[in-house]
Amino acid sequence: MNWATHTIKLSNRDGQFYCNEQQSLLHGVESQRIKAVQVGCRGGGCGVCKIRVLSGEFFSKKMSKKHVSADELNQGMGLSCRIFPRSDMVIEALD
């Protein structure tokens, strides 16, 4: 099966990267050696890779409520290791 590749723009960093639909955003940014998102456990448990999605469609796997509250989810925040693009996106890396 061919997976579509999407352009992910970084609103608060200089640049963009490409990510296909079977890759998490964190995997996509790491595979292109872009230092835009902090890297932690890569499994949704530590909260280090938190981002805000400003635009675009995505699928997300379960995230720890300890690191991403319901209010934060409603504000577009999530963990880049648990978010998979379904369209081109614009994200903000949170430090």
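Numbering (the working numbering), first residue to last: 60 to 154. Where a beta carbon is used, it is the ideal one built from N, C-alpha and C, also for glycine. Computed from a prediction, not measured in an experiment: that's the story for all the values here.
For residue i, the nearest candidate out of the options (CA to CA)
| i | options | result |
| --- | --- | --- |
| glutamine 75 | Gly87, Lys121, Gln82 | Gly87 |
| arginine 92 | Val112, Gly102, Gly104, Cys78 | Cys78 |
| serine 90 | Arg111, Ala129, Cys140 | Cys140 |
| alanine 63 | Leu138, Phe117, His126, Gly137 | Phe117 |
Per DSSP, cross-strand counterpart(s) of residue i
| i | result |
| --- | --- |
| isoleucine 142 | Ser119 |
| glycine 74 | Its beta-bridge partners do not exist; DSSP assigns none. |
| histidine 65 | Cys78 |
| valine 107 | Bridge partners of valine 107: none, in fact. |
Delimiting residues of the alpha helix (DSSP H) encompassing residue i
| i | result |
| --- | --- |
| valine 88 | 84-90 |
| glutamate 151 | Taken as a continuous stretch (DSSP letters only), glutamate 151 belongs to no alpha helix (DSSP H), being part of the beta strand (DSSP E) at 148-152. |
| asparagine 133 | 129-133 |
Helix, strand or coil at residue i according to DSSP, with G and I counted as helix
| i | result |
| --- | --- |
| asparagine 79 | strand |
| valine 201 | Since the first and last residues shown for the chain are 60 and 154, residue 201 lies out of range. |
Cα-Cα separation between residue i and residue j, rounded to whole angstroms
| i | j | result |
| --- | --- | --- |
| alanine 95 | glutamate 131 | 20 Å |
| glycine 106 | threonine 66 | 24 Å |
| alanine 152 | leucine 85 | 11 Å |
| proline 144 | glutamine 97 | 18 Å |
| isoleucine 126 | valine 149 | Before going further, note that residue 126 is histidine rather than isoleucine in the sequence given. Straight-line Cα distance between these residues: approximately 21 Å. |
| arginine 101 | aspartate 73 | 23 Å |
| serine 146 | serine 123 | 24 Å |
| asparagine 71 | asparagine 61 | 31 Å |
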